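J.: Under my numbering, think of the first position of the sequence shown as 110, with each following residue one higher.
Just dropping this structure here.
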Amino acid sequence: MALRDSEESRSRQDRLLCHPTFWHGGDMNAPIAPLRVAVIPVTPFQQNCSLVWETATGRGAVVDPGGEVDRILATAEREGVRIERILITHAHVDHAAATAELQRRLGVPIEGPHEGDQFWIDLLKQSAEQYGFGCEGPFKPDRWLGDGDTVSIGDQTLDVIHCPGHTPGHVVFIHKPSRFAIVGDVIFQGSIGRTDFPGGNHPDLIHSIRNKLFPYGDDVTFLPGHGPTSTFGAERRANPYVSDAAVKRR
Ligand SMILES: [Zn+2]
Ligand SMILES: [Zn+2]
Numbered sequence: 110m111a112l113r114d115s116e117e118s119r120s121r122q123d124r125l126l127c128h129p130t131f132w133h134g135g136d137m138n139a140p141i142a143p144l145r146v147a148v149i150p151v152t153p154f155q156q157n158c159s160l161v162w163e164t165a166t167g168r169g170a171v172v173d174p175g176g177e178v179d180r181i182l183a184t185a186e187r188e189g190v191r192i193e194r195i196l197i198t199h200a201h202v203d204h205a206a207a208t209a210e211l212q213r214r215l216g217v218p219i220e221g222p223h224e225g226d227q228f229w230i231d232l233l234k235q236s237a238e239q240y241g242f243g244c245e246g247p248f249k250p251d252r253w254l255g256d257g258d259t260v261s262i263g264d265q266t267l268d269v270i271h272c273p274g275h276t277p278g279h280v281v282f283i284h285k286p287s288r289f290a291i292v293g294d295v296i297f298q299g300s301i302g303r304t305d306f307p308g309g310n311h312p313d314l315i316h317s318i319r320n321k322l323f324p325y326g327d328d329v330t331f332l333p334g335h336g337p338t339s340t341f342g343a344e345r346r347a348n349p350y351v352s353d354a355a356v357k358r359r
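Okay, here's the thing in structure tokens:
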């Protein structure tokens with residue numbers, strides 16, 4: 110695996126991804142977007158950890174703290190964000206290894222993933238050691254999440270969608286008013302999540318994407334766990350695994 114860990118590449122990525130005004134929300138005429146997002150690529154896997162906050166109040170959440178807690182906290186300080194909770198899409202090491210440390214330092218609740226990922230939580234420390242990065246140990250979610258649940262960021266409400274396939278307990282967060290989703294490793298620009306890990310299931314993953322995410326609409330922009338953002342519409346047109354044409358061919 111190529112590591113893009115140099116200071117140069119890191120600052121380039123920060124400039125590219127951390128510009129909070131990138132997110133204008135769904136309503137182009139709205140004077141102020143309700144939510145802002147800073148993306149902080151962490152760990153040797155360059156996982157898109159995100160800091161999401163309510164513009165009006167500065168109340169926020171960290172989604173998928175895989176590592177580099179100091180960097181996450183520095184971003185929050187720079188943007189004037191008060192972190193009130195930690196949200197987890199799934200318990201793979203690059204998404205969740207620093208959850209316990211972040212909770213210890215902030216004393217805020219952990220919400221997610223779905224309880225199907227308990228076995229991945231149990232494996233966190235071991236996997237982190239395998240890949241050579243830090244992990245204080247497993248974490249204990251204050252709240253498991255599932256279909257029909259919502260989570261709050263300030264006074265903003267995000268839908269929770271259980272999307273098994275990459276892991277059994279993977280969840281996705283969607284803020285409908287902004288047409289914005291955080292999808293972890295369910296779908297990427299031009300690709301989908303791996304299903305060859307323990308508990309992975311390819312048909313479940315395709316079903317999750319086609320039947321649970323795409324109905325939210327082509328205009329939803331999503332931030333995946335790795336790589337650039339895309340929209341559900343662009344992936345329905347061109348994603349080789351889940352486009353309308355790809356599904357028809359089967
Ligand atoms: Zn993953
Ligand atoms: Zn990942």
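A virtual CB, placed ideally from N, CA and C, is assigned to each residue, including glycine.
Keep in mind it's a predicted model, so treat the numbers as computed, not measured.
The alpha helix (DSSP H) spanning G342 covers which residue range?
T.: Taking the sequence shown and counting its residues from 1, the one referred to as residue 342 is at position 233. From DSSP, the alpha helix (DSSP H) with G342 extends over F341 to A347.
J.: Ligand 1 and H284: does the residue's C-beta get closer than 7 Å to at least one heavy atom of that ligand?
T.: As a first step, residue 284 is located in the sequence shown; it is residue number 175 there, counting from the start. Outside the cutoff, so no.
J.: Could you tell me the alpha carbon to alpha carbon distance between A347 and V171, rounded to whole angstroms?
T.: Looking up residue 347 in the sequence shown gives position 238. Looking up residue 171 in the sequence shown gives position 62. Cα-Cα distance, rounded: 31 Å.
J.: For G334, is the beta carbon positioned less than 7 Å from some heavy atom of ligand 1?
T.: One-based indexing of the sequence shown puts residue 334 at position 225. Yes.
J.: Which residues does DSSP pair with W162 in a beta bridge?
T.: Taking the sequence shown and counting its residues from 1, one reaches residue 162 at position 53. Paired residue(s): R145 and G169.
J.: Please classify E163 as buried or exposed, where buried requires at least 16 neighbouring CB atoms within 10 angstroms.
T.: For the purposes of this step, residue 163 is identified with residue 54 of the sequence shown, where counting begins at 1. Classification of E163: buried, given that the 10 Å Cβ count is 16 or more.
J.: So I270 and I296 are in contact, right, with Cβ under 8 Å, and what is the actual spacing, rounded?
T.: Residue numbering aside, residue 270 sits at position 161 when the sequence shown is read from its first letter. Residue numbering aside, residue 296 sits at position 187 when the sequence shown is read from its first letter. So it is not a contact: roughly 12 Å between Cβ atoms.
J.: What residues are listed by DSSP as bridge partners for S300?
T.: In the sequence shown, residue 300 corresponds to position 191, counting from 1. Note: S300 sits in a beta bridge opposite F297.
J.: Quick one: is R359 buried, meaning 16 or more other Cβ sit within 10 Å of its Cβ, or exposed?
T.: What you label residue 359 is simply residue 250 of the sequence shown in a count that begins at 1. When all chains shown are included, R359 counts as exposed.
J.: In this structure, how does DSSP classify P333 when only helix, strand and coil are distinguished?
T.: If you number the sequence shown from 1, residue 333 lands on position 224. Looking at P333 - three-state DSSP - the assignment turns out to be strand.
J.: With a threshold of 7 Å, establish whether the CB of H223 neighbours any heavy atom of ligand 1.
T.: Within the sequence shown, the letter at position 114 stands for residue 223. Outside the cutoff, so no.
J.: Look at the Cβ atom of G169, then the Cβ atom of I192, and state whether they are nearer than 8 Å.
T.: Start at 1 with the first residue of the sequence shown, and residue 169 comes out as number 60. Start at 1 with the first residue of the sequence shown, and residue 192 comes out as number 83. Yes, they are a contact pair.
J.: Where does R145 land, buried or exposed, given buried means 16+ other C-beta within 10 angstroms?
T.: As a working note, residue 145 is residue 36 in the sequence shown. When all chains shown are included, R145 counts as buried.
J.: Out of V151, S159 and V190, state which residue places its alpha-carbon closest to the alpha-carbon of E177.
T.: Counting from one through the sequence shown, the residue named residue 177 turns up at place 68. When each option's Cα is compared against that of E177, the closest is V151.
J.: Please give the ranges of any alpha helix (DSSP H) in the stretch 200 to 262, keeping only runs that are unbroken, at least 4 residues long and fully inside the region.
T.: Runs of the alpha helix (DSSP H) inside the stretch 200 to 262: 202 to 205, 208 to 215, 227 to 231 and 233 to 240.
J.: Please classify E238 as buried or exposed, where buried requires at least 16 neighbouring CB atoms within 10 angstroms.
T.: Here residue 238 corresponds to residue number 129 of the sequence shown, with the count starting at 1. Classification for E238: exposed.
J.: Specify, as a first and last residue, the run of the beta strand (DSSP E) that R359 falls within.
T.: Reading the sequence shown from its first residue, position 250 is the one you call residue 359. Premise fails: R359 is in no beta strand (DSSP E) and is neither H nor E.
J.: Beta-carbon separation of T276 and H199 under 8 Å?
T.: Taking the sequence shown and counting its residues from 1, one reaches residue 276 at position 167. Taking the sequence shown and counting its residues from 1, one reaches residue 199 at position 90. Against a cut-off of 8 Å, the Cβ pair of H199 and T276 comes out as a contact.
J.: In three-state DSSP terms, what is P273?
T.: What you label residue 273 is simply residue 164 of the sequence shown in a count that begins at 1. Here P273 sits in coil by DSSP.
J.: With C-beta atoms as the reference, is I283 less than 8 Å away from V161?
T.: Taking the sequence shown and counting its residues from 1, one reaches residue 283 at position 174. Taking the sequence shown and counting its residues from 1, one reaches residue 161 at position 52. No, the Cβ-Cβ distance between I283 and V161 is not below 8 Å.
J.: One question on the structure: do I181 and I149 come within less than 8 Å of each other, judged by their Cβ atoms?
T.: As a first step, residue 181 is located in the sequence shown; it is residue number 72 there, counting from the start. As a first step, residue 149 is located in the sequence shown; it is residue number 40 there, counting from the start. In this structure, I149 lies closer than 8 Å to I181 by Cβ.
J.: Could you give the C-beta distance for G299 and L314, rounded to a whole number, given that I count them as a contact under 8 Å?
T.: Taking the sequence shown and counting its residues from 1, one reaches residue 299 at position 190. Taking the sequence shown and counting its residues from 1, one reaches residue 314 at position 205. Actually they do not touch by this definition, with Cβ atoms about 15 Å apart.
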